[in-house]
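Numbering (the numbering used here), first residue to last: 1 to 114. Shown next, in structure tokens, is the structure this report addresses.
Encoded structure:
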């Protein structure tokens, strides 16, 4: 989602689309929609058939994966202190901890011989 106050920045980035750097740093005041802007930008980059203005098509496989939150080429990386704000509070840490301890559900179930 692009908020009205972000349209100038969006258009500037789209003009540079063929010459983008390898990374972008989005900086600004808290609460202005930087995360939503970055996600929309990523969705447009990963879209298989973006519109001429850089907007994602919303109907290709990549857009559907992105909407479901499981695009294989998209990963949010945030400091641990901010993970709860993004909705990642401990998901990856919990999975890693289970794997290290062997606390996974696999291997705990037993079947009676048939």
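Glycine included, C-beta positions come from ideal geometry on N, C-alpha and C.
Query                                                                                                         : Result
Beta-carbon proximity of residue 8 to residue 46, cut-off 8 Å                                                 : no
Proximity winner among 52, 35, 1, 4, relative to residue 17 (alpha-carbon distances)                          : 52
Where the alpha helix (DSSP H) through residue 64 begins and ends                                             : 61 to 68
8 Å Cβ cutoff met for residue 115 and residue 11                                                              : Shown here, the chain extends from 1 to 114; a query on residue 115 therefore has no answer.
Buried versus exposed call for residue 90 [16 or more other C-beta atoms within 10 Å across all chains shown] : Legend: pLDDT at residue 90 = 48, less than 50; position of this residue unreliable, value from coordinates given subsequently. Its Cβ having fewer than 16 others within 10 Å, residue 90 is exposed.
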